[in-house]
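Enquirer: Can you keep this structure in mind? I'll have questions shortly.
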Ligand SMILES: Cc1ncc(COP(=O)(O)O)c(C=O)c1O
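In the numbering used here, the protein residues as written are 8 to 385.
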């Protein structure tokens with residue numbers, strides 16, 4: 008196989024680089040060493056083969072605010088001739104309003120995943136350590152690999168709590184991703200544990216609040232108190248706009264200014280800015296949907312416990328539940344019956360299924376499918 012002079016061969020198996028090349032492709036390895044060696048992120052499945060009750064990627068089962076429909080209806084496509092506002096000025100003003108912050112305390116991204124990438128590129132040198140908890144959002148380790156940084160994994164304790172000495176374990180890292188409520192476990196670490204981390208860890212603590220609107224409390228106040236804290240949120244979950252791609256990071260202006268240097272110039276397109284503004288301006292309809300989802304979540308949890316599942320208490324729009332039969336088997340049986348949930352073949356969570364909360368009708372049908380899967384042949 009032709010290999011460019013000096014190309015890395017570390018991590019190869021049987022003379023083949025991992026992942027590349029494939030049959031029929033040109034056998035020249037052009038990617039950076041750490042890119043060729045890494046697996047890449049696997050997004051949750053978006054099936055096209057048949058219609059499922061889709062409970063696998065934590066999307067919202069309800070439509071977005073009526074104001075989004077109206078904004079889309081009245082948007083003039085002729086405006087797309089021009090570039091979008093690089094700083095999403097109007098959108099930032101609407102985003103900070105509920106928290107009493109100035110617009111300079113916010114940065115908009117092409118989904119919060121974009122913001123996580125910007126964080127890694129802003130705060131972590133290649134070869135330097137970056138910390139994240141585990142089990143947690145599986146994008147964090149991928150971002151560490153993309154940056155060519157070093158992994159500092161802070162294992163959650165037996166009950167998936169934040170270890171008391173998390174800051175000590177992460178010592179030396181420049182950035183620490185903490186997800187609250189955590190995915191895929193659903194729990195929210197106590198606020199005093201979060202205060203302790205933000206006080207003791209000298210680097211940037213990035214609090215990923217993708218699921219916060221389904222939780223009892225939030226760390227948004229931390230951004231005023233701590234010069235090293237960023238809180239990120241998304242419209243993908245509570246605002247029912249996963250397909251739009253909009254996330255917002257909140258932090259003191261000295262952190263935002265550095266991240267602005269790193270982001271793509273036009274990282275939030277014009278249509279997203281307009282529709283995002285409409286959505287964020289209608290917190291009431293978001294909160295009403297979130298309340299419905301919380302109540303469906305609590306009912307589903309009770310009913311699955313009744314079927315013999317071990318259900319972890321959740322503050323998110325999903326639950327992590329251990330079925331009384333092997334999780335991979337139950338996953339496959341549910342899929343055959345038209346219900347798509349998520350099974351992670353990863354340490355500490357492989358005995359569980361992560362189930363997104365759907366409408367009450369979806370949840371009733373789902374419980375019936377679980378009952379059938381556990382009592383009949385699937
Ligand atoms: C913990 C967590 N953070 C961030 C994201 C990404 O959200 P977005 O759609 O805003 O990129 C997800 C998506 O599933 C998530 O689970």
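No residue lacks a Cβ here, since even glycine has one placed at the ideal position from N, Cα and C.
Is any heavy atom of ligand 1 found at a distance shorter than 7 angstroms from the C-beta of residue 217?
Expert: yes
Enquirer: Rounding to the nearest angstrom, what Cα-Cα distance links residue 184 and residue 383 in this structure?
Expert: Rounded to the nearest angstrom, the two C-alpha atoms are 43 angstroms apart.
Enquirer: In angstroms with no decimal places, state the Cα-to-Cα distance between residue 60 and residue 347.
Expert: 6 angstroms
Enquirer: Between residue 144 and ligand 1, is the CB less than 7 angstroms from at least one heavy atom?
Expert: yes
Enquirer: Going by C-alpha to C-alpha distance, which of 380, 311, 288, 369 sits closest to residue 99?
Expert: 288
Enquirer: Can you look up residue 357 in the DSSP assignment and give me helix, strand or coil?
Expert: Of the three classes helix, strand and coil, the one that applies to residue 357 here is coil, per DSSP.
Enquirer: Mind the definition here: the segment 273-290 touches the segment 149-164 only if three or more C-beta pairs lie below 8 angstroms; say whether that holds.
Expert: no
Enquirer: Could you give the C-beta distance for residue 300 and residue 364, rounded to a whole number, given that I count them as a contact under 8 angstroms?
Expert: 5 angstroms
Enquirer: Using beta-carbon positions only, say whether residue 226 and residue 181 come within less than 8 angstroms of one another.
Expert: no
Enquirer: Which stretch, first to last residue, makes up the beta strand (DSSP E) that contains residue 219?
Expert: Counting along the chain, residue 219 falls outside any beta strand (DSSP E), and DSSP gives it neither H nor E.
Enquirer: In angstroms with no decimal places, state the Cα-to-Cα distance between residue 255 and residue 275.
Expert: 11 angstroms
Enquirer: Kindly indicate which residue of 368, 263, 319, 149 has the alpha-carbon position closest to the one of residue 237.
Expert: Of the candidates 368, 263, 319, 149, the one whose C-alpha sits nearest the C-alpha of residue 237 is 263.
Enquirer: Tell whether a beta-carbon distance below 8 angstroms holds between residue 222 and residue 336.
Expert: no
Enquirer: Go to residue 329, then tell me how far its beta strand (DSSP E) extends in each direction, as first and last residue.
Expert: 325-329
Enquirer: In the DSSP assignment, find the unbroken alpha helix (DSSP H) run with residue 73 in it and report its ends.
Expert: According to the DSSP assignment, residue 73 belongs to the alpha helix (DSSP H) that extends over 73-81.
Enquirer: For residue 13 and residue 46, what's the separation of their Cα atoms in angstroms?
Expert: With a pLDDT of 44 at residue 13, under the threshold of 50, the modelled position of that residue is not reliable, and no figure is offered here.
Enquirer: Starting from residue 300, trace the alpha helix (DSSP H) both ways and give me its first and last residue.
Expert: 290-313
Enquirer: Report all residues from its chain with a CB closer than 6 angstroms to the CB of residue 174; omit the five preceding and five following residues, and keep chain order.
Expert: Non-local beta-carbon contacts of residue 174 in its own chain, meaning distances under 6 angstroms to residues more than five positions away in sequence, involve 204, 207, 208 in chain order.
Enquirer: How big is the Cα-Cα spacing for residue 285 and residue 197?
Expert: Going by the C-alpha atoms only, they are around 33 angstroms apart.
Enquirer: Kindly list the residues whose CB is nearer than 7 angstroms to the CB of residue 150, restricted to its own chain and excluding five residues on each side of it in sequence; keep chain order.
Expert: 123, 124, 127
Enquirer: On the premise that residue 142 lies in contact with residue 163, defined as a C-beta separation below 8 angstroms, what is that separation, rounded to the nearest angstrom?
Expert: With a Cβ gap of about 7 angstroms, residue 163 and residue 142 count as contacting.
Enquirer: Return the CA-CA distance between residue 11 and residue 39, expressed in angstroms with no decimal places.
Expert: With a pLDDT of 46 at residue 11, under the threshold of 50, the modelled position of that residue is not reliable, and the figure given next carries that caveat. Their backbone Cα atoms lie some 12 angstroms apart in a straight line.
Enquirer: Which one of 330, 304, 68 has the shortest CA to CA distance from residue 243?
Expert: 68
Enquirer: Could you tell me the boundaries of the beta strand (DSSP E) in which residue 263 lies?
Expert: It is not in any beta strand (DSSP E) - residue 263 instead sits in the alpha helix (DSSP H) that spans 260-269.
Enquirer: Looking at chain B, is there any beta carbon in it that lies within less than 8 angstroms of the beta carbon of residue 173?
Expert: Annotation note: the requested chain B is absent from the structure, which comprises a single protein chain.
Enquirer: For residue 90, is the classification buried or exposed, using 16 other Cβ atoms within 10 angstroms of its Cβ as the cut-off for buried?
Expert: exposed
Enquirer: Count the other C-beta atoms from every protein chain shown that fall within 10 angstroms of the C-beta of residue 283, then say buried if there are 16 or more, exposed otherwise.
Expert: buried
Enquirer: Candidates 88, 260, 215: which alpha carbon is nearest residue 232's?
Expert: 260
Enquirer: Along the alpha helix (DSSP H) that carries residue 139, what are the first and last residues, could you check?
Expert: It is not in any alpha helix (DSSP H) - residue 139 instead sits in the beta strand (DSSP E) that spans 136-141.
Enquirer: Rounded to the nearest angstrom, what separates residue 277 and residue 50 at their Cα positions?
Expert: Rounded to whole angstroms, the gap between the alpha carbons of residue 277 and residue 50 is 25 angstroms.
Enquirer: Measuring straight from C-alpha to C-alpha, what distance separates residue 342 and residue 140?
Expert: Rounded to whole angstroms, the separation of the alpha carbons of residue 140 and residue 342 is 30 angstroms.
Enquirer: Over what stretch of residues does the alpha helix (DSSP H) that includes residue 182 continue unbroken?
Expert: Taken as a continuous stretch (DSSP letters only), residue 182 belongs to no alpha helix (DSSP H), being part of the beta strand (DSSP E) at 182-186.
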